[in-house]
Each structure stands twice: as structure tokens, then as C-alpha cells.
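Using the working numbering, you'd call the opening residue of the sequence shown number 42 and step up by one each time. All C-beta atoms in this analysis are idealised placements derived from N, C-alpha and C, irrespective of residue type, glycine included.
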Amino acid sequence: MTVPKIRLNVDIVSPFAYIAFHVLRTSPVFAKCSITYVPIPLGGLMKQYKDKWIYKEKIQLARRFSVPMATSYPESFLPKTVNIQRALCAISQRFPEKLEAAIDALYRTLWAENNGKIGQVEVLKPLLDDLLGVNNSQQILDVVSMVTYVALM
Numbered sequence: 042m043t044v045p046k047i048r049l050n051v052d053i054v055s056p057f058a059y060i061a062f063h064v065l066r067t068s069p070v071f072a073k074c075s076i077t078y079v080p081i082p083l084g085g086l087m088k089q090y091k092d093k094w095i096y097k098e099k100i101q102l103a104r105r106f107s108v109p110m111a112t113s114y115p116e117s118f119l120p121k122t123v124n125i126q127r128a129l130c131a132i133s134q135r136f137p138e139k140l141e142a143a144i145d146a147l148y149r150t151l152w153a154e155n156n157g158k159i160g161q162v163e164v165l166k167p168l169l170d171d172l173l174g175v176n177n178s179q180q181i182l183d184v185v186s187m188v189t190y191v192a193l194m
């Protein structure tokens, strides 16, 4: 019998991707599935945010599936997550075995701990240091800086 495969497109700013990520990791229904996590900017795929609808739905779904979720939006919401997504892309290429843990730490920081400053280096760097070690996290941040620099040229 073949192993069921699931691909989850993740964007740290999406509460629904966070809920799906949490359920895929904790529900026994998905225990035998091969799951691939792909960091992408979901904002490019979606229409304009529907703030009230998103707020109501994220709370209902989080409760239904027992996902740790703050009941308010983080201060400074919507955080700038472009560099986070770039870091996740770099991690997926250089340290693929660490990608799931990185996604988990970032989602938890934004959605469970309600930290809207997740995109700032002073919050992001310690998370990456813990996950990858100081040298490797600096390597990822250097890649993010380079990609950002090239994009601005």
C-alpha cells in the first residue's frame, strides 16, 4: 500500500495554515502520511483580507481542533513576514531536516504567544539560533539579506 502524501503550503502570517500545520502534526489520522511543507507567500494567492471573517473563523477552528491560538491579533498585526518566508525557503534548502521545527517555532511565536514582532531580527534571530545553532542561523540570515539586497537592485 502506498503512503498517502500531503503538501501543505505554509505562510507564517496565515492562521489557517497554522491550524492545518498543527492538525497534520498532532492528529492520529495523519500519522502515516508523508507530509511536505512548502513555504510560500499565501498573500499572493488570496484576495483582499476579510478581517472580521478571518478573526471569527480562526478562533472557531482553533477551538474545534485544540490548536493553541491567542484570542486577539498580535500587536503590530500584520507583521512583515517576507524575511521569515525567505528564511524558511533557505532552511528548506540548506537544513531540510530542521524545516518542520522552524515552522513550528515561528507559528507558535506568532499565533500562540501572540508576538507580532516575529519579523524583526531581534525576535527571529534567537529562534533561529535555538533551532540551527548560531553559525547556521547567521548563514540563513545572510542568505535572507542577500536575497533582499538583490530584490531591491
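(request) Check the DSSP bridge columns for Thr122 and list the partner residues they point to. (result) Answer by DSSP bridge pairing: none, since Thr122 is not bridged.
(message) Tell me the DSSP secondary structure of Asn50 in three-state form.
(response) strand
(message) Here's the rule I'm using: 16 or more other beta-carbon atoms within 10 Å means buried, otherwise exposed. How should Ser55 be labelled?
(response) It counts as buried.
(request) Please go through the segment 127–162 and give each complete alpha helix (DSSP H) segment of 4 or more residues, from N-terminal end onward. (result) Along the length of the segment 127–162, whole alpha helix (DSSP H) runs at least 4 residues long occupy 140–148, reported in chain order.
(request) Please name the residue in Val123, Leu173, Ala103 and Thr43 whose C-alpha comes closest to that of Arg149. (result) Ala103
(message) Per the DSSP calculation, Val79 is bridged to which residue(s)?
(response) Asn50
(request) From the DSSP output, in three-state form, read off Glu116 for me. (result) In the structure shown, Glu116 sits in coil (DSSP, three-state: anything other than H, G, I, E or B).
(request) Tell me whether Ser178 is buried or exposed, calling it buried when 16 or more other Cβ atoms sit within 10 Å of its Cβ. (result) Around the Cβ of Ser178, a 10 Å sphere holds 16 or more other Cβ atoms; the residue is buried.
(request) State the Cα-Cα distance for the pair Gln180 and Leu65, rounded to the nearest angstrom. (result) Answer to the nearest angstrom: the Cα atoms are 29 Å apart.
(message) Do Lys139 and Ile132 count as a contact pair if the criterion is CB distance below 8 Å?
(response) yes
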